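Heads up: the sequence lines are chains A and B, in that order.
Take the first sequence: its letter number 105 is residue 105 in the working numbering, and every next letter is one higher.
Take the second sequence: its letter number 48 is residue 160 in the working numbering, and every next letter is one higher.
Down below is the structure, laid out as structure tokens.
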Amino acid sequence: GESVGLHLPTLSVQEGDNSIINCAYSNSASDYFIWYKQESGKGPQFIIDIRSNMDKRQGQRVTVLLNKTVKHLSLQIAATQPGDSAVYFCAEFIQGAQKLVFGQGTRLTINP
Amino acid sequence: EPEVTQTPSHQVTQMGQEVILRCVPISNHLYFYWYRQILGQKVEFLVSFYNNEISEKSEIFDDQFSVERPDGSNFTLKIRSTKLEDSAMYFCASSWTEQETQYFGPGTRLLVL
Numbered sequence: 001g002e003s004v005g006l007h008l009p010t011l012s013v014q015e016g017d018n019s020i021i022n023c024a025y026s027n028s029a030s031d032y033f034i035w036y037k038q039e040s041g042k043g044p045q046f047i048i049d050i051r052s053n054m055d056k057r058q059g060q061r062v063t064v065l066l067n068k069t070v071k072h073l074s075l076q077i078a079a080t081q082p083g084d085s086a087v088y089f090c091a092e093f094i095q096g097a098q099k100l101v102f103g104q105g106t107r108l109t110i111n112p
Numbered sequence: 113e114p115e116v117t118q119t120p121s122h123q124v125t126q127m128g129q130e131v132i133l134r135c136v137p138i139s140n141h142l143y144f145y146w147y148r149q150i151l152g153q154k155v156e157f158l159v160s161f162y163n164n165e166i167s168e169k170s171e172i173f174d175d176q177f178s179v180e181r182p183d184g185s186n187f188t189l190k191i192r193s194t195k196l197e198d199s200a201m202y203f204c205a206s207s208w209t210e211q212e213t214q215y216f217g218p219g220t221r222l223l224v225l
């Protein structure tokens, strides 16, 4: 079936620490994954993506890791800042169906 | 930086009324989408649109829903007879190709009374 799930609904970290947000997916045929950040009252904002021919991709302060063996991906945010507080969604692109399947979301809270 | 825009930002309507939600996708994008998010829940796919026709639609997208690209810039979602359970945030998204990043608009918050 198609489902994308997140391991933790909430995550609190100290400002300056690193955050890791996890996500499991079930469609082994999916080959494109995206992390979105959603601030309160706003639309999902693209953070970083990864295709299945890679296992790691880095952006500015963010890294996405993909483990196809266990169908797991994670988002690492380095040196978290107050502006990183948001809900983070992983999304899986369902090829042929032209749609994204979103996970439930993890709320990241940065403590001062 | 190009962005997807949506109007209105908020819409309150009575049950049974028709609503039209409007979106202006990023100008050179070819694929257009509507998603919705009920308060506190995940984002759910409604419909994808390419080459002036629906490519894919979800079970949510029943006969009460329709989409249209009336001109070269706008993309609309119409709900013919709104129900209470249609209350949600509705997001428009667009992408350049099928398997490229989908960029989302800020959403329209629809409240059906």
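Where is the CB? At the ideal position from N, CA and C, for every residue including glycine.
For clarity, every value in this text was computed on a predicted model and none was experimentally measured.
Measuring alpha carbon to alpha carbon, tell me which of the options ends up nearest residue i.
| i | options | result |
| --- | --- | --- |
| E180 of chain B | B:I150, B:P137, B:Q211, B:A200 | B:P137 |
| S61 of chain A | A:K71, A:F89, A:V13, A:L75 | Correcting the residue identity first, residue 61 of chain A is Arg in this sequence and not Ser. The option with the nearest alpha carbon to R61 of chain A is A:L75. |
| N22 of chain A | A:L11, A:S28, A:L73 | A:L73 |
| V64 of chain A | A:I47, A:L11, A:T106, A:A79 | A:I47 |
| Q14 of chain A | A:N67, A:T80, A:N27, A:A86 | A:T80 |
| E165 of chain B | B:K154, B:E130, B:V155, B:P182 | B:P182 |
| I172 of chain B | B:L133, B:P120, B:E197, B:Q211 | B:E197 |
| L11 of chain A | A:G96, A:I94, A:A86 | A:A86 |
| H122 of chain B | B:E212, B:Y202, B:T213 | B:Y202 |
| D84 of chain A | A:Q58, A:S40, A:K71 | A:S40 |
| K190 of chain B | B:E113, B:P218, B:C135 | B:C135 |
Any idea what DSSP makes of residue i, helix, strand or coil?
| i | result |
| --- | --- |
| D198 of chain B | helix |
| D49 of chain A | strand |
| G1 of chain A | Because the pLDDT at G1 of chain A is just 41, under 50, the model does not fix this residue reliably, and the value given afterwards should be weighed accordingly. Residue state, collapsed to three classes: coil. |
| L6 of chain A | Low confidence applies here, because L6 of chain A scores a pLDDT of 45, under 50, leaving its location unreliable; read the following figure in that light. Here L6 of chain A sits in strand by DSSP. |
| T106 of chain A | strand |
Verify whether the separation of the beta carbon atoms of residue i and residue j is less than 8 Å.
| i | j | result |
| --- | --- | --- |
| Y143 of chain B | T209 of chain B | yes |
| Y88 of chain A | K37 of chain A | yes |
| F157 of chain B | L100 of chain A | yes |
| I34 of chain A | A78 of chain A | no |
| S185 of chain B | H141 of chain B | no |
| N67 of chain A | D55 of chain A | yes |
| Y215 of chain B | V116 of chain B | yes |
| Q129 of chain B | C204 of chain B | no |
| D17 of chain A | Q95 of chain A | no |
| Q98 of chain A | S167 of chain B | yes |
| V159 of chain B | K169 of chain B | yes |
Using a cut-off of 9 Å between C-beta atoms, extract the partners of residue i located in chain A.
| i | result |
| --- | --- |
| P218 of chain B | G41, K42, G43 |
| Q211 of chain B | D31, Y32, R51, F93, Q95, Q98 |
| F187 of chain B | None at all; the shortest Cβ gap to chain A is about 15 Å. |
| F203 of chain B | G43, P44 |
Between residue i and the ligand COA, is the CB less than 7 Å from at least one heavy atom?
| i | result |
| --- | --- |
| K56 of chain A | As presented, the structure is devoid of all ligands, the ligand COA included, so that no description of it is given. |
In chain B, which residues lie less than 8 Å from residue i when you measure between Cβ atoms?
| i | result |
| --- | --- |
| K99 of chain A | Y145, F157, S160, E168, S170 |
| G105 of chain A | K154 |
List, in chain order, every chain B residue whose beta-carbon is nearer than 7 Å to that of residue i.
| i | result |
| --- | --- |
| F102 of chain A | K154, V155 |
Just to make sure I have the definition right: I need the residues of chain B whose C-beta is within less than 9 Å of the C-beta of residue i. Which are they?
| i | result |
| --- | --- |
| G59 of chain A | Going along chain B, no residue has its Cβ under 9 Å from G59 of chain A, so there is no contact; the nearest lies around 12 Å. |
Kindly list, in the order they appear in chain A, the residues whose Cβ is closer than 7 Å to that of residue i.
| i | result |
| --- | --- |
| Q214 of chain B | L100 |
If we cut at 8 Å on Cβ distances, does residue i have a partner in chain D?
| i | result |
| --- | --- |
| V70 of chain A | Within the model displayed, chain D is absent; protein chains A and B are what it includes. |
Below 8 Å on C-beta distance, what does residue i contact in chain A?
| i | result |
| --- | --- |
| F173 of chain B | Simply none; closest approach about 11 Å. |
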